[in-house]
Amino acid sequence: MARSRNIKPGFFTNDELAECSPLARLLFAGLWTIADKEGRLDDRPKKVKALVLPFDNVDCDELLQQLHDRKFIQRYQVQDGAYIQITNWKKHQNPHCKEAPSEIPEYCEEDEKQEEEQVKEDESTMQVQCNNSANESQVTDKHEAQLEHSASTVQEPVENNLNPADSFNLIPDSLTLIPDSVVNTQAADATCSEDGNVHQMASRYAFEGNVIRLNQKDFDSWKALFKNIDLAAELTRLDLEFTHEKPKNWFSTASAKLNYQNKHSSGRPIQKAAVNQSHWNDKDEWEENFL
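In structure tokens form, the structure reads like this:
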């Protein structure tokens, strides 16, 4: 599911990103919207193209590789799965605390280097076995060199963790989640902690449906504005309608529909649900009304 993310002017003036093709740069921003809470996604170029560049005839795999070669993303594999990790994700983005946790395995640079080193060691071992002319001292020297090289590669990621490379500073940190609509005042505060209680957040709304969520201030404002209708009942009806077909801007659409209902209900009492209503074939009521 696509999500709203932050983008700032620095994205357009990054000289290293400018070395990528224009569509690769556009793809990079698009990856943010389809990445999960940890900045990861499946490395499936055809699917990525369908979600981000559906109208462009391009090789999405080649565009992803451009970003990978310049360290903007990391393409990696875990067992039989291929994945993408957006570089310095947590420094540039602040996902909403209610986003689902990532189900994609984490990229581990140390594991990848160890695998590469193991391949080199295996190749070296085979070469030593095939070289019948090598004497014992040469084999010993080669083995010691391999051990020294292995130790240096293990220390390298430790040093990188202690001194992480500075980001490209495309997007400064932000504590505000981008709302889906510029006029919708109902976006929840994005600064809640990870350990916050979801049920406590729900209590902030005076009306909370599947789509429509009004805080107390806006609910009271609409109630004062639309005096000729039962606001709670109309909101419940609209929420059911929006659940089946959600408008682009539910706040504006709901306001317009409520205004229409309020005008046409002017001068009439608010309709409440009938209780103990007589049946249409009640003889006494029929004679009273029509005879």
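Residue numbers for the sequence shown follow full-length UniProt numbering, so the first one is 1 and each next one is one higher. Just so it is clear, CB atoms sit at the ideal spot from N, CA and C, and this is done for glycine as well.
Review point. Count the other CB atoms within 10 Å of the CB of I229; is the residue buried (16 or more) or exposed (fewer)?
Key: Here residue 229 refers to the residue found at position 229 of the sequence shown. Under this definition I229 is a buried residue.
Check your understanding: If we call anything under 8 Å between Cβ atoms a contact, is L67 one with C108?
Key -> As a working note, residue 67 is residue 67 in the sequence shown. As a working note, residue 108 is residue 108 in the sequence shown. Against a cut-off of 8 Å, the Cβ pair of C108 and L67 comes out as no contact.
Review point. Around the C-beta of R25, are 16 or more other C-beta atoms found within 10 angstroms, so that it is buried, or is it exposed?
Key: Reading the sequence shown from its first residue, position 25 is the one you call residue 25. By the neighbour-count rule (16 or more Cβ atoms within 10 Å), R25 is buried.
Point to revise | Boundaries of the alpha helix (DSSP H) in which G30 is found, first to last residue | key: Translated into the one-based positions of the sequence shown, residue 30 becomes position 30. Counting along the chain, the alpha helix (DSSP H) containing G30 begins and ends at 22-34.
Exercise for review: For Y107, name the three-state secondary structure that DSSP assigns.
Suggested key: Here residue 107 is taken as the residue at index 107 of the sequence shown, counted from 1. Three-state result, Y107: coil.
Point to revise | residue 296 - containing beta strand (DSSP E), residue span | key: Outside the shown range of the chain (1 to 291) lies residue 296, about which nothing can therefore be said.
Review point. Going straight from the alpha carbon of Q261 to that of D15, what length do you get?
Key: For this step, residue 261 is matched to residue 261 along the sequence shown. For this step, residue 15 is matched to residue 15 along the sequence shown. Looking at the two C-alpha atoms, the distance is approximately 55 Å.
Exercise for review: Over the uninterrupted alpha helix (DSSP H) stretch that includes L64, give me the two end residues.
Suggested key: On the sequence shown, residue 64 is found 64 positions in, with the first residue counted as 1. Unbroken alpha helix (DSSP H) run through L64: 60-69.
Point to revise | Beta-carbon spacing of V211, K257 below 8 Å | key: Within the sequence shown, the letter at position 211 stands for residue 211. Within the sequence shown, the letter at position 257 stands for residue 257. Not a contact, by the Cβ cut-off of 8 Å.
Check your understanding: Does the region 96-103 come close enough to the region 53-61 that 3 or more CB-CB pairs lie under 8 Å?
Key -> no
Point to revise | Straight-line Cα distance separating H92 from I7 | key: As a working note, residue 7 is residue 7 in the sequence shown. As a working note, residue 92 is residue 92 in the sequence shown. Spanning the two alpha carbons is a distance of roughly 9 Å.
Point to revise | Other residues of its chain near D173: CB distance less than 8 Å, five sequence neighbours each side excluded | key: For this step, residue 173 is matched to residue 173 along the sequence shown. For D173, the pLDDT reaches just 42, beneath the cut-off of 50, and the residue's location in the model is therefore unreliable, although a value from the coordinates is still provided. The residues are K91, H92, N94.
Point to revise | Cβ neighbours of P9 in the same chain (closer than 8 Å, five flanking residues each side left out) | key: Translated into the one-based positions of the sequence shown, residue 9 becomes position 9. Excluding residues within five positions, none has a Cβ falling inside 8 Å.
Review point. Near V52, which residues of its chain fall below 6 Å by C-beta distance, leaving aside the five closest residues on each side in sequence?
Key: As a first step, residue 52 must be located in the sequence shown, where it is residue number 52. Counting only residues of its own chain and dropping the five nearest sequence neighbours on each side, V52 has a CB closer than 6 Å to the CB of L27, G30.
Review point. If you draw a straight line from the alpha carbon of A100 to that of L225, how long is it in whole angstroms?
Key: Locating residue 100 in the sequence shown gives position 100, where the first residue counts as 1. Locating residue 225 in the sequence shown gives position 225, where the first residue counts as 1. Cα to Cα, the separation comes out at about 37 Å.
Practice item. Put G10 into one of helix, strand or coil per three-state DSSP. Key: As a first step, residue 10 is located in the sequence shown; it is residue number 10 there, counting from the start. Three-state DSSP puts G10 in a helix.
Review point. Can you check whether the CB of Y76 is closer than 8 Å to the CB of Q85?
Key: Taking the first residue of the sequence shown as 1, we reach residue 85 at position 85. Taking the first residue of the sequence shown as 1, we reach residue 76 at position 76. Taking 8 Å as the Cβ cut-off, Q85 and Y76 qualify as a contacting pair.
Check your understanding: With a CB to CB cut of under 7 Å and the five nearest residues on each side skipped, what residues in its chain are close to R70?
Key -> Along the sequence shown, read from residue 1 onward, the residue named residue 70 stands at position 70. Closer than 7 Å at the Cβ level, and outside the excluded window around R70, lie E16, E19, C20.
Review point. Given T243, which residues of its chain have a CB within under 7 Å of its CB, disregarding the five upstream and five downstream residues?
Key: Taking the first residue of the sequence shown as position 1, residue 243 is located at position 243. Closer than 7 Å at Cβ, skipping near neighbours: N210, V211.
Check your understanding: What is the DSSP secondary structure of L53, reduced to helix, strand or coil?
Key -> Your numbering for residue 53 matches position 53 in the sequence shown. DSSP, read as helix, strand or coil, puts L53 in coil.
Point to revise | C-beta atoms of L235 and F207 nearer than 8 Å | key: Position 235 of the sequence shown holds residue 235. Position 207 of the sequence shown holds residue 207. Against a cut-off of 8 Å, the Cβ pair of F207 and L235 comes out as a contact.
Point to revise | Cβ pair T87, I104 closer than 8 Å | key: Stepping through the sequence shown from its first residue, residue 87 is reached at position 87. Stepping through the sequence shown from its first residue, residue 104 is reached at position 104. Their beta carbons are not under 8 Å apart, which means T87 does not touch I104 by this criterion.
Review point. For the candidate residues A82, F11, W32, whose alpha-carbon lies nearest to that of R44?
Key: Your numbering for residue 44 matches position 44 in the sequence shown. Looking at the Cα atoms, A82 is the closest of the given residues.
Review point. Do T236 and the ligand HEM come close, with the Cβ less than 7 Å from some heavy atom?
Key: Absent from the structure shown: the ligand HEM. Ligands present: none.
Exercise for review: Hey, could you find the ends of the beta strand (DSSP E) L231 is sitting in?
Suggested key: The count along the sequence shown starts at 1 and reaches residue 231 at position 231. Segment 231-244 is the alpha helix (DSSP H) holding L231; no beta strand (DSSP E) there.
Point to revise | Euclidean distance between Cα positions of L238 and A254 | key: For the purposes of this step, residue 238 is identified with residue 238 of the sequence shown, where counting begins at 1. For the purposes of this step, residue 254 is identified with residue 254 of the sequence shown, where counting begins at 1. Cα-Cα distance, rounded: 7 Å.
Review point. Using the C-alpha atoms, what's the distance from W89 back to N215?
Key: For the purposes of this step, residue 215 is taken as residue 215 along the sequence shown, with counting starting at 1. For the purposes of this step, residue 89 is taken as residue 89 along the sequence shown, with counting starting at 1. Their Cα atoms are separated by approximately 32 Å.
Check your understanding: Applying the criterion that 16 or more other CB atoms from any shown protein chain within 10 Å of the CB defines a buried residue, is F55 buried or exposed?
Key -> Taking the first residue of the sequence shown as 1, we reach residue 55 at position 55. By the 10 Å Cβ count, F55 comes out exposed.
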